[in-house]
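Structure, as structure tokens:
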Amino acid sequence: MAVHRRGRRKKKKTAKVNKKLIYGIAGGSAGAVLLVYVGVALYFSAHFLPNTEINGHECSGKTVKEVEDIFKEEMKEYSLTVYDKDGQKEEITSEDIALEYKESKDMKNALKEQNSFLWPMAMFFKETGEVTVDLSYDSGQFDQRVQSLKAMTAEQLPPESARPEFNGSQFIVKPEVYGTAVKPEAVKEKIASAIRELKPAINLKDENCYAEPEFTSKSSEVIQACEEMNRYCQANITYSMDEPVVVDGSVISTWLSYDEEMNVTLDEGAIKKWLEEFGDKYDTLEAERTFTTPTGKTATVSGGDYGWSIDEDTEFAALKEAITNGETVTKEPAYYVGGTAASHGMPDWGTTFAEVDITEQHMWYVSDGTVVLDTDVVTGEPIPERATPTGVYVFKEKALKATLVGEVDPSTGQPSYRTPVDYWMRITWEGVGFHDANWQTAFGGERYKIHNVGSHGCVNMPVGKAAELYNLIEVGTPVIIHN
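Here the working numbering is used: the sequence shown runs in plain steps of one and ends on residue 509.
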């Protein structure tokens, strides 16, 4: 029993010894772990933590000097691939521009900023950092190399903006054209930036180094300009001449323009010029006309106050308004007062008219193309102050029992003549007209050349023929007087 007790006592004593040993071992292990933890932390105070990447380079466990050596080596091998707009590439090497790594405090600061006591966590989480790498290169060599790039030495064709273009029926957007011209300062800036960041490649087109058109086919300014120009071109103005003259989109399109900001303008000067040409073609007032007399003779006449005469100022306002409003209309152009004629075709006096042939001393009245009256006459004495004026006129007034009064004679202060007539048919406001002349003993031949037998400019007719003509004509009937 005693042994047994002693044995039990011994057992108790042994248990106490084992517990102390355990505590001792545990304490020693913790101290060792702490020592290792601190030791590794101290190591990473001079080395970058695990899973550290700087500027794309694996830097785990490396010192600042070792990392800098990586960048120095990289600098020696560095080259920048430059792509132009067509995908052609050129290399700019470190040797081309004397590129060198330049030590700075940034790398040391990056090491200082890391918490080395967090090294266990760094084993499981990747740390990516960006450090500004200081470098230097020869600016002269850099400029020379950039200037020698094919993109810089090629023909510099400027871009062309998208613009409105008339395709024969309407304005459409003509697409922009990208040229070959680069922006030199942009090229230098983008390449310098790429080198500072040690990029492997740069695309000049993607970096907006090429001169770009101000407007593209998607630019609202170009689209709106086309729409506005097409609104003008919707107008269709038809002038009823001998052959219709049409002002439509094909004509109006030539009067439209746009400025650098795509503001559309209707060219008033171009419209006026067109109207001038229109008038030159269709105005017959004072124009030379060639025609055939009732006797088959070919004659030419010019002058007078009869014929078409377009009022271009009035018609300009009307035409501009019609175009602006996009109107479709058929019309006559605006004419000056009295500036109209019977026909747009030549001769423009139509088929009803009076005609005097001074050389033949004969006159005809033609109605609807048929001679209904003709007679010998006596016209003005062929001297400047009495000659019957040639040209195309109209009968301006009719009067019965009129008194013709001549110009005042300075020597007497009285009119040179006062002559009563039964039938007066005026053709000029200066006093020339047709009338009966009962004082004439005969008509025709060359009597008009005899002094004081030839008239003062009027067309003298036998009384009966004058009466007949008076009843046939109307005010406004054309009169043609020719040699």
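The C-beta atom is built at its ideal place from N, Cα and C for all residues, glycine as well.
In the DSSP assignment, the alpha helix (DSSP H) including residue 304 goes from what residue to what residue? 294-308
What is the DSSP secondary structure of residue 125, reduced to helix, strand or coil? Reduced to three states, the DSSP call for residue 125 is coil.
Check for me: the beta strand (DSSP E) holding residue 429 runs from which residue to which? 423-431
Could you give the distance in angstroms between the alpha-carbon of residue 249 and the alpha-carbon of residue 261? 20 Å
Would you mind working out which of 186, 436, 380 and 373 sits nearest residue 286, comparing C-alpha positions? 186
So the beta strand (DSSP E) residue 219 belongs to, where does it begin and stop? Residue 219 -> not in any beta strand (DSSP E); alpha helix (DSSP H) instead, spanning 210-222.
Does the distance from the CB of residue 205 to the CB of residue 183 come in under 8 Å? yes
For residue 159 and residue 76, I'd like the C-alpha separation in whole angstroms. 21 Å
Local conformation of residue 497 per DSSP, three classes: helix
In angstroms with no decimal places, state the Cα-to-Cα distance between residue 138 and residue 156. Between residue 138 and residue 156, the C-alpha separation is close to 14 Å.
Is residue 476 buried or exposed, if buried means 16 or more other CB atoms sit within 10 Å of its CB? exposed
Among 353, 313 and 326, which has the Cα closest to the Cα of residue 264? 353
State buried or exposed for residue 114, treating a residue as buried only when at least 16 other CB atoms are found within 10 Å of its CB. exposed
Segment contact flag, the region 415-426 with the region 334-354, C-beta cutoff 8 Å, min 3 pairs: no
Whose CA, out of 194, 331 and 299, lies closest to the CA of residue 310? 331
Quick check on the DSSP output: the beta strand (DSSP E) that includes residue 381 runs from which residue to which? 379-383
Can you name the residues that DSSP bridges to residue 317? 325
Counting only the same chain and skipping the five closest in sequence on each side, list residues whose C-beta sits under 7 Å from that of residue 133. Excluding residues within five positions, the ones whose Cβ falls inside 7 Å are 90, 93, 94 and 157.
Where does residue 435 land, buried or exposed, given buried means 16+ other C-beta within 10 angstroms? exposed
Using C-beta distances below 8 Å, list every residue in its chain close to residue 333, excluding the 5 sequence neighbours before and after it, in chain order. 309, 310, 311, 312, 313, 365, 367, 374 and 418
Express the C-alpha separation of residue 410 and residue 479 in angstroms, rounding to a whole number. 16 Å
For the alpha helix (DSSP H) holding residue 288, just list the boundary residues, first then last. Per DSSP, residue 288 belongs to no alpha helix (DSSP H) and is neither H nor E.
Bounding residues of the alpha helix (DSSP H) (the contiguous stretch that carries residue 274): That residue, residue 274, is in no alpha helix (DSSP H); it is neither H nor E in DSSP.
Counting pairs of beta carbons, one from the region 272-282 and one from the region 317-329, are three or more of them closer than 8 Å? Per the Cβ contact rule, the region 272-282 is not in contact with the region 317-329 (fewer than 3 Cβ pairs under 8 Å).
Pair every Cβ in the region 107-123 with every Cβ in the region 162-176, then say whether three or more of these pairs are closer than 8 Å. Cβ pair count under 8 Å is three or more, so yes.
Close Cβ partners of residue 273 (< 6 Å) along its chain, the five nearest in sequence each way excluded: Correct list, in chain order: 263.
Using the three-state DSSP reduction, which class does residue 120 fall into: helix, strand or coil? helix
So if DSSP puts residue 263 in a beta bridge, which residue, or which two residues, is it bridged to? DSSP lists 273 and 355 as partners of residue 263.
Can you say whether residue 37 is buried or exposed, counting buried as having 16 or more other CB atoms within 10 angstroms of its CB? Model confidence at residue 37 stands at a pLDDT of 45, short of 50, so the residue's coordinates are unreliable; what they give is reported in the following sentence. Exposed.
Given this structure, state the Cα-to-Cα distance separating residue 442 from residue 357, to the nearest angstrom. 49 Å
Spatial neighbours of residue 328 within its chain, please: CB distance less than 6 Å, with the 5 preceding and 5 following residues excluded, ordered by chain position. 314
Entirely within the region 135-173 and at least 4 residues each: give me those alpha helix (DSSP H) ranges in chain order. 145-148 and 165-173
Which of helix, strand or coil does DSSP assign to residue 246? Here residue 246 sits in helix by DSSP.
Go to residue 451, then tell me how far its beta strand (DSSP E) extends in each direction, as first and last residue. 444-452
Count the other CB atoms, across all protein chains shown, that sit within 10 Å of the CB of residue 177; report buried if there are 16 or more and exposed otherwise. buried
Inspect the beta-carbon positions of residue 335 and residue 407 and report whether they are closer than 8 Å. no
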